[in-house]
Amino acid sequence: MLLEDRTCLVTGGSRGIGRGIAEELGEHGANVVINYRSSEDAAYAARDVIEEGPGRAVVAQADVSEFDEVQTMYDAVSEEFGNVDVLVNNAGITQDTTFDKMSKEQWEKVIDVNLGGVFNCTKACYEDLREANNGRLINISSVVGQQGNYGQANYATTKSGLFGFTRTMALEMARADSTANCVSPGFVETDMLADVPDRVREQILERIPLDRFAEVEDITGIVRFLASHESRYMTGQILGLNGGMEW
Ligand code: NAP
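Numbered per this note's numbering, the sequence shown spans residues 23 to 269.
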């Protein structure tokens, strides 16, 4: 098993890409922590799927934008599984509107979850990731962070921010033989895409050479690779999984 005895914390592991990642890591023998904020049933369903295979799984509720909640989650997780070897910063939200209509609340909410959450979770796990030797920090960004996107100034800003964060963490973690990388998906069929009107979906499709939106399974394999020992010489990278979109 590629990830046997590795403890992997996946934020936003209850639905969408995070759930796919949690299940993929579990399938390869990991101890998986499924973090969620509000989708409790979905989080437990993911846990049950993983427990049917070679991996182990626990569910951990915490709003990643709340520093104290994340610390409490970390304490519970380390009691169950010991050190965190792999942190996947996946939890993210959108609050779309053009900049002229964007309120300070909409701006701050997205920053607090998408970047504040990354700070809080990385901070809680940081000593573990460095001690782990071959610890893995994996940040989920977006092609929107590379291209910008109409109506997503707040979201695009957070996703670009992950590039600088990843590269800096790669430098600071290297001494411990630990790595930091960033996965940057294109448009993926999840609840996040469900609200996009058909007209806009068609416009996006025209920009995707592979002529389809990604499925969650198109993203999870690369995260499994990054989590594993096989990726040990790859750090500070931004891996685009976007069907060939230009950026
Ligand atoms: P999704 O289907 O909407 O799922 C979002 C997940 O994040 C849920 O598990 C949700 O948990 C969790 N979450 C949201 N706010 C949270 C918070 N404050 N604390 C803890 N968990 C929280 O989204 P997705 O499409 O899978 O997106 C996952 C990541 O991929 C995001 O970072 C997103 O920016 C990125 N991404 C998505 C796409 C896309 O097209 N879908 C493309 C590129 C990048 P609860 O349901 O329990 O609240």
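From the three backbone atoms N, C-alpha and C, an ideal C-beta is built for every residue, glycine too.
It should be emphasised that the depicted structure is a prediction, and the values quoted were computed from it without experimental measurement.
By the neighbour-count definition (other C-beta atoms within 10 Å, threshold 16), N155 is an exposed residue. Here A192 has A202, T257 and G258 as same chain residues with Cβ atoms under 6 Å from its own Cβ, once five neighbours each way along the sequence are excluded. Here V135 has V86, S87, A113, G114 and I115 as same chain residues with Cβ atoms under 7 Å from its own Cβ, once five neighbours each way along the sequence are excluded.
Taking 8 Å as the cut-off, the C-beta of T242 does not count as close to any heavy atom of the ligand NAP. Y66 is not bridged by DSSP to any residue.
The ligand NAP has no heavy atom closer than 8 Å to the beta-carbon of R69. With respect to the 9 Å criterion, R37 and T242 are not classified as neighbours on the basis of their beta carbons.
Set against 8 Å, the gap from the CB of A113 to the closest heavy atom of the ligand NAP is smaller. The stretch 63-78 makes no contact with the stretch 157-177, as fewer than three CB pairs between them are under 8 Å.
P76 and M124 do not touch by the CB rule: their CB atoms are close to 46 Å apart, not below 8 Å. Per DSSP, the unbroken beta strand (DSSP E) holding S206 starts and ends at T201 to P207.
With fewer than 16 neighbouring CB atoms inside 10 Å of its own CB, D122 falls in the exposed class. For R41, the CB falls within less than 8 Å of some heavy atom of the ligand NAP.
Its chain contains V80 as the residues whose beta carbon lies nearer than 7 Å to that of E102, once the 5 sequence neighbours on both sides are disregarded; these appear in chain order.
Put simply, of I162, V99 and S200 the residue whose alpha carbon is nearest the alpha carbon of L261 is I162. M267 has its CB no nearer than 8 Å to any heavy atom of the ligand NAP. K181 and Q128 have their C-alpha atoms spaced approximately 15 Å apart. Under the criterion of beta carbons closer than 8 Å, C147 and V106 qualify as touching, at roughly 4 Å.
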